[in-house]
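Per the numbering used here, residue 77 is the first one in the sequence shown, and the count goes up by one each step. Just so it is clear, CB atoms sit at the ideal spot from N, CA and C, and this is done for glycine as well. If you're wondering where the values come from, they're calculated on a predicted model, not measured in any experiment.
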Amino acid sequence: VSQEEAMDKVFGYTGFIDVSARGFEPGGRTSFFQVKSWPTFGPMGPFIITKDEVPDPHDVSLHITNNGEDRQAFNTDDMAHKIPECIEFISRIAHLRAGDVISTGTNHQGLGALQDGDRIDFTIGGIGTLHVNVEDPAKREWRRGVDTEMAERMRQAGGSSMGMGPRS
77 VSQEEAMDKV
87 FGYTGFIDVS
97 ARGFEPGGRT
107 SFFQVKSWPT
117 FGPMGPFIIT
127 KDEVPDPHDV
137 SLHITNNGED
147 RQAFNTDDMA
157 HKIPECIEFI
167 SRIAHLRAGD
177 VISTGTNHQG
187 LGALQDGDRI
197 DFTIGGIGTL
207 HVNVEDPAKR
217 EWRRGVDTEM
227 AERMRQAGGS
237 SMGMGPRS
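Dropping the structure here:
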């Protein structure tokens, strides 16, 4: 799908929280799927709104809190890769079908570990707020607050979880 045709393929927009597992050894042989593919690691919502309800998907405010503490506040105009570019890139690798979801990622500010008992509120302008209550039966504990080292590594890598490289 070309960038010129990409937006014709979009049905709508929603929120998606891309959760990653902690506790794997840095620089080890950890695969992408080991840190991403766990049950409940992709909460989505609170609603899907159709694309005609969003005048400009590259001008939407997003705000995330963890237990009421600000973690991220940014606008989609800060995306490293715009939606048409993401669709074109992904469609070169995978056959996209109606109903497929593409998560475009975050700007990597305010990243931090989630822990048992946390409440995440993800507010998307024009869509609503997705509320997530974190449960960890093992009750593991991680360093609280923003993981500035992880955020910096992600920015240095180009800020893209899709391997598309740095913003040009």
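Buried or exposed (CB count within 10 angstroms, at least 16 for buried), residue i
i       : result
His-184 : buried
Phe-87  : exposed
Gly-241 : Residue placement at Gly-241 is flagged as unreliable, the pLDDT there being 42, under the threshold of 50; the coordinate-derived value follows with that caveat. Counting Cβ neighbours within 10 Å, Gly-241 comes out exposed, since fewer than 16 surround it.
Which residues DSSP lists as bridging residue i, in chain order
i       : result
Glu-145 : Asn-142
Ile-196 : Asn-142, Val-208
Gly-121 : Gly-91
Ser-113 : Beta-bridge pairing links Ser-113 to no other residue.
Distance between residue j and residue i (C-alpha atoms, nearest Å)
i       : j       : result
Thr-152 : Ile-178 : 15 Å
Met-137 : Phe-150 : Going by the sequence as given, residue 137 is Ser instead of Met. Distance between the alpha carbons of Ser-137 and Phe-150: 6 Å.
Pro-122 : Ile-140 : 14 Å
Asp-154 : Pro-213 : 36 Å
Glu-161 : Arg-195 : 33 Å
Thr-199 : Met-120 : 12 Å
Sequence-distant residues of the same chain with beta carbon closer than 6 Å to residue i, five excluded per side
i       : result
Val-222 : Gly-186, Gly-188
Gly-99  : none
Asp-197 : Thr-141, Thr-205, His-207
Sequence-distant residues of the same chain with beta carbon closer than 8 Å to residue i, five excluded per side
i       : result
Trp-114 : Val-95, Ala-97
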